[in-house]
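A.B. asks:
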Amino acid sequence: MSSLRFKAIDNLATSDGTPVPGTAKITAIFGENVFTLKTAREFLSDEAYKSLLASIRGGKKIDRTVANQIASGMRQWAEAKGVTHFTHWFQPLTGTTAEKHDSFFTIKSDGTPIEEFDGAALIQQEPDASSFPSGGLRATFEARGYTAWDPSSPAFIMEVGAGKTFCLPTIFVSYTGESLDYKAPLLKALASLDKAAVEVCHYFDKNVSKVTATLGWEQEYFVVDEGLFNARPDLVMSGRTVFGHAPAKGQQLEDLYFGSIPERVYAFMRDYEQEAYKLGIPLRTRHNEVAPAQYECAPIFEEVSVAVDHNMLLMDVMDRVARRHKLRVLLMEKPFAGINGSGKHNNWSMATDTGVNLLAPGKTPKTNLMFLTFFVNTIKAVYEYSDVLRASIASAGNDFRLGANEAPPAIISVFIGEYLSKVLADVKERVGDKFDEQDEAILKLDLHRSIPELLLDNTDRNRTSPFAFTGNKFEFRAVGSSANCANAMIAVNTILAETLKKFKKDVDALIEKGEKKEIALMHVIREYVVSSEKVLFEGDGYSDEWHHEAERRGLPNVRTTPLALDAMVTEKAKHLYESNGVYSHIELEARHEIELEKYIKRVQIEARIMGEMATSHVLPPAIKYQNTLIANIRGLKDLGLPQAAYSNQQQILEKISLHIGKVSEMVSKMIDARKVANNITATRTKAIAYNSQVKEPFFDQIRYHVDKLELLVDDKEWVLPKYRELLFLR
C-alpha cells in the first residue's frame, strides 16, 4: 500500500491539472439545460402549455391527449440540443438516483425508422421493482413497478462526457401502488402541510390559498486526490477510513475555516458550479470548512421538492466532475476519525402565495400573531415527534458524526435564541385564564412591540443545536451529508401538518365557546408553549451537563441507528403518517426493514474491509518488521554485545508480537460473529417472505444463532436485544 501512496504522490506532483471552461456570466447559462416554463411557452401549443402550467401550479392531472403534444414539444427542444435518449429519473430507497435510458428512435410497423416521444412514454415507464429495496413489498419474481412523471419538478438535460440525456423527474411506485422512493411520500407530506397550514392562515388572511415549504440545503464534503483515494481500500469500499493515524496538524489551529481555497480544488468548484448552473441549481456560496480538505456549498432557497431534486443532482455532478480533475468527493458523514464530519443543514421555512414568510415576523400585531402561531406550532411538533425526527436522520455514517465537533448531539432539541425565549416567557406569564378588553388591548400592543419585523440579527447561532431558529427559518442541522434531504423533509412537514390540524381543532373549540379569535389563538399558543418548553435549550449541546439535563427532562437520547429506527413503526408514527396520507402501515414497515438492512449491510462491508486490510495490509509489514527485529537482535547477540545494546529492540519485538497475535485473534472472532449475524439476517428474510405461513422453524433457527452470537460479541447492551427482537416479526 505504501508504494501505491508514493506513486499517487508522484502523480499529484506532476499533474498539470484539468482546464476549466471560461466562466460565463451566470445568468447567461443558468437553466440552459432545463425545460423551463419559458422554454415550454416557445415549444408547446397554447393548450399544452396551459395544461402543463395547471399541473405545475395547481396539481391538476395532465390529460393523456395533451400529453402527446407536451412530449412532442419536449423532444423537439431536446433534439435541438443534441439529445437522442430520454430517461425517467427517480430516487429509489438506495439513497442514490436511478435512470434507464431509452432512445427517441423507433421503427414503425411498415419498417420506417423515425424519432418519436409520445405522451405514454412521458407519463409512465416500467422499471424493475424487484431489483430495488422494497422491504418485502416486492418479491424477486414480482418485478413490475412504475415511474410516473412529476411535472412540479422541471425536466432537464444531463451531460455526461459527449453524451446527453433528457431526464424526467418521476415518482416510483410498486405494481400494487406502494411508494418505493423518497419523492412520492415527500409530495404527499407537502400536500398535507399545505392543506393544514392554509386552514390556519385563514385565521389571519382569507386570501391565502396555498402554503409552500421551502428548503435551502448546505452541502458539506471532503475532496481527496484520486490516487490517494485508490490507495485506501477502506475509502474505496466504505467511504471512510477504518484504520489510520491522526496527522500532527489537523484542524487544531482553526486556520482552515473560510481560508484560501486551494487552486486545484478551486478549479474543481468552478467546473461543477457551471454544470450546476446549466441544470438550474442556484448555487450561491462556496468556502473552506473546518477540517482539512473539507468544503461546503449552498444554494438559494427553493420549493422543497425541487430543492431535494437539485441536491441529489448536485451530488451526482460533483462526483463526475471530481473524476475529471483526478479528485474524489467524499460525502460520507465521518470519513476520517479525529476531525469534523460533514452534514447537510436543511434550512426550512414556509411561504404563502400572498408573499408572506410564515416564520418571519411582520409589521402589525396580526402578522406577529401569525408568526407566533407557526413558530410555536413548529416547536410543539418537534417536541411531540422528536423520535420521528431522529429516525429520519438515522444512518450508520451519521452515528459516527452526531455529537462530535460541529455536529449536534442525538438529543433532538430546539434553539430559538435569547430574544424569542423572552417572548415565549412573556406569553406564558401574561396570558391568563380570562381576558377583559383592557388585557386584549395590552396584548395587541405587546405583540406589536415585542417582536421586531426582522429577527435575523436578534438571534445568535448555536452550532450544537440539531434544530435551530435562525431569524426567518429553522435549520435542521442533524441531517447527514450523504442523506437524501427528502427523508428529513418528509418528517418535518408531516409532523407540522399534524400539529397544525390539532391546533386548529383546539382554537375552533374555544371560539365555539364564545372566545374572540385572537384570544383563543393566544390561549392555545400559551398551552403549546407550556407543554413543549422542555425541548427548548440554549446552551452547549456537546456538554455532559446537557446530556444529564436532557435525561432529567425526559428527552430521548438515541445514539445508534437500529434503536432510532424503531420510532418509524410505533403506533404514534403509524397514526401520524397514515392520518396525513404520507405512508400506509405497510409502507412504514417496509421502510423500517429497508433502513435496518442498509445499516446492517454497511456495517458488514466495513467489517469485511477491516478484516481484509488487517490481514493483507497490516499484518504482512508487521511480520516483516518482526523478522527484521529478530535478525537485528540475533546479529547483535552474535557480535557478543551485552543485552543492554538490544533490550529496546526486544521490548518492541515483544509488543509487536502481542499485537500481531491479538489482531489475528480479533479478525477471526469478528468473521465468526459476522457469519452468525448473516445467518440471522438471512433467516429473518426467509421468515418475512413466508409471512402467511408457519414461521416457527425460522424462529428456532434465529434462537440458535442468537445464542451462538452471545458467546462471540462483547457489546451486549444493544446488539443482542436488537437481534432478539427479530424473533417477534411484525
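Taking this note's numbering, the leading residue of the sequence shown gets 1163, the next gets one more, and so forth. For glycine and all other residues, C-beta sits at the position ideal for the given N, C-alpha and C. All figures in this text were calculated on a predicted structure; none of them were measured in a lab.
Can you give me the C-alpha to C-alpha distance between Leu1377 and Pro1424, rounded to a whole angstrom?
C.D. replies: Taking the straight line from one Cα to the other gives about 29 Å.
A.B. asks: Please say whether Val1544 and Ile1573 have beta carbons closer to each other than 8 Å?
C.D. replies: No, the pair does not count as a contact, with Cβ atoms beyond the cut-off.
A.B. asks: Would you list, in sequence order, the uninterrupted alpha helix (DSSP H) runs of no fewer than 4 residues that lie entirely inside the region 1394-1475?
C.D. replies: Qualifying alpha helix (DSSP H) stretches, in chain order: 1395-1400 and 1425-1440.
A.B. asks: For Tyr1308, name the three-state secondary structure that DSSP assigns.
C.D. replies: Strand at Tyr1308.
A.B. asks: Taking all protein chains shown into account, do 16 or more other C-beta atoms lie within 10 angstroms of the C-beta of Gly1676, making it buried, or fewer, making it exposed?
C.D. replies: Answer is exposed; the Cβ neighbour count stays below 16.
A.B. asks: Alpha carbon to alpha carbon, how far is Pro1331 from Pro1313? Give it in angstroms, no decimals.
C.D. replies: The straight-line gap from Cα to Cα measures roughly 8 Å.
A.B. asks: Thinking just about the alpha-carbon of each residue, which of Glu1209, His1263, Ala1242 and Ser1315 is nearest to the one in Ser1467?
C.D. replies: Comparing Cα-Cα distances from Ser1467 to each of Glu1209, His1263, Ala1242 and Ser1315, the minimum goes to Ser1315.
A.B. asks: What is the rounded straight-line gap between the Cα of Phe1252 and the Cα of Asn1789?
C.D. replies: In a straight line, the C-alpha of Phe1252 is about 56 Å away from that of Asn1789.
A.B. asks: Just to check my reading of the structure: Phe1384 and Gln1286 have Cβ atoms closer than 8 Å, yes? What is that Cβ distance to the nearest angstrom?
C.D. replies: 39 Å between Cβ atoms; not a contact.
A.B. asks: Out of Asp1280, Gly1257, Thr1327 and Ala1317, point me to the one whose CA is closest to Ser1296's CA.
C.D. replies: Taking only the C-alpha atoms, the option nearest Ser1296 is Gly1257.
A.B. asks: Along the alpha helix (DSSP H) that carries Met1772, what are the first and last residues, could you check?
C.D. replies: Unbroken alpha helix (DSSP H) run through Met1772: His1747 to Met1775.
A.B. asks: Short of 6 Å in beta carbon distance, which residues of its chain neighbour Arg1715, apart from the five on each side in sequence? Order them along the chain.
C.D. replies: Correct list, in chain order: Lys1696.
A.B. asks: Can you tell me whether DSSP reads Pro1275 as helix, strand or coil?
C.D. replies: Pro1275: strand per DSSP, three-state reduction.
A.B. asks: Going by CA-CA distance only, name the one from Thr1374, Ser1213 and Glu1759 that's closest to Ala1513.
C.D. replies: The residue with the shortest Cα to Cα distance from Ala1513 is Thr1374.
A.B. asks: Give, in chain order, every unbroken run of the alpha helix (DSSP H) that is at least 4 residues long and sits entirely within the region 1283-1371.
C.D. replies: As far as the region 1283-1371 is concerned, its whole alpha helix (DSSP H) runs of at least 4 residues are 1345-1363.
A.B. asks: Measure the beta-carbon distance from Phe1665 to Val1686 and round it to whole angstroms, keeping in mind my assumption that it falls under 8 Å.
C.D. replies: Yes, Phe1665 and Val1686 are in contact; Cβ-Cβ is about 6 Å, under 8 Å.
A.B. asks: Using CA atoms only, rank isn't needed, just tell me which of Glu1660, Val1731 and Asp1834 is closest to Ser1354.
C.D. replies: Closest option to Ser1354, Cα to Cα, is Glu1660.
A.B. asks: Is the region 1529-1536 in contact with the region 1706-1713, if contact means three or more CB pairs nearer than 8 Å?
C.D. replies: Not touching, per the Cβ criterion.
A.B. asks: Would you please state the rounded distance, in angstroms, between the beta carbons of Glu1899 and Val1731? I believe it to be under 8 Å.
C.D. replies: Nothing about residue 1899 can be read from this structure; the chain reaches only from 1163 to 1892.
A.B. asks: May I have the straight-line CA-CA distance separating Ala1291 from Ser1265, to the nearest angstrom?
C.D. replies: So the alpha carbons of these two residues sit roughly 21 Å apart.
A.B. asks: Three or more C-beta pairs closer than 8 Å, one from the region 1404-1419 and one from the region 1429-1443: is that the case here?
C.D. replies: Verdict: no, contact absent.
A.B. asks: Return yes when the Cβ of Phe1318 is within less than 8 Å of the Cβ of Leu1441, no when it is not.
C.D. replies: A contact, by the Cβ cut-off of 8 Å.
A.B. asks: For Glu1713 and Arg1552, I'd like the C-alpha separation in whole angstroms.
C.D. replies: Rounded to the nearest angstrom, the two C-alpha atoms are 16 Å apart.
A.B. asks: Look at the Cβ atom of Ile1673, then the Cβ atom of Lys1679, and state whether they are nearer than 8 Å.
C.D. replies: Contact flag set, yes.
A.B. asks: How many Å lie between Thr1198 and Asp1588 at the Cα?
C.D. replies: Cα to Cα, the separation comes out at about 48 Å.
A.B. asks: Looking at the strands, I want to know which residues DSSP matches up with Val1576.
C.D. replies: Per DSSP, Phe1629 and Leu1698.
A.B. asks: If you check the beta carbons only, do Val1452 and Asn1509 fall under 8 Å apart?
C.D. replies: Result no, Cβ atoms of Val1452 and Asn1509 do not sit closer than 8 Å.
A.B. asks: Under three-state DSSP, which class holds Glu1680?
C.D. replies: In this structure, Glu1680 counts as helix in the three-state DSSP scheme.
A.B. asks: Using the three-state DSSP reduction, which class does Ile1218 fall into: helix, strand or coil?
C.D. replies: In the structure shown, Ile1218 sits in a helix (DSSP, three-state: H, G or I).
A.B. asks: Excluding the 5 residues preceding and the 5 following Gln1238 in the sequence, name in chain order all residues of the same chain whose CB lies nearer than 6 Å to its CB.
C.D. replies: Closer than 6 Å at the Cβ level, and outside the excluded window around Gln1238, lie Phe1205.
A.B. asks: Where Gly1412 and Tyr1419 are concerned, what is the direct C-alpha to C-alpha distance, given to the nearest angstrom?
C.D. replies: Answer to the nearest angstrom: the Cα atoms are 12 Å apart.
A.B. asks: Got a sec, what are the start and stop residues for the alpha helix (DSSP H) Phe1636 sits in?
C.D. replies: Premise fails: Phe1636 lies in the beta strand (DSSP E), Phe1636 to Phe1638, not in any alpha helix (DSSP H).
A.B. asks: Assuming the contact rule is C-beta atoms closer than 8 Å, Val1470 and Met1651 should be a hit. Round their C-beta distance to whole Å, please.
C.D. replies: The pair is a contact, with the Cβ atoms about 7 Å apart (cut-off 8 Å).
A.B. asks: Out of Ala1429, Ser1511 and Arg1394, state which residue places its alpha-carbon closest to the alpha-carbon of Phe1629.
C.D. replies: Among Ala1429, Ser1511 and Arg1394, the Cα nearest to that of Phe1629 is on Ser1511.
A.B. asks: Could you say which of Glu1382, Leu1489, Val1538 and Asn1742 lies nearest to Ala1429 if we only look at CA atoms?
C.D. replies: Checking every option, the nearest Cα to that of Ala1429 belongs to Leu1489.
A.B. asks: Is it buried or exposed for Gly1579, if we count other Cβ within 10 angstroms and need 16 for buried?
C.D. replies: So Gly1579 counts as buried.
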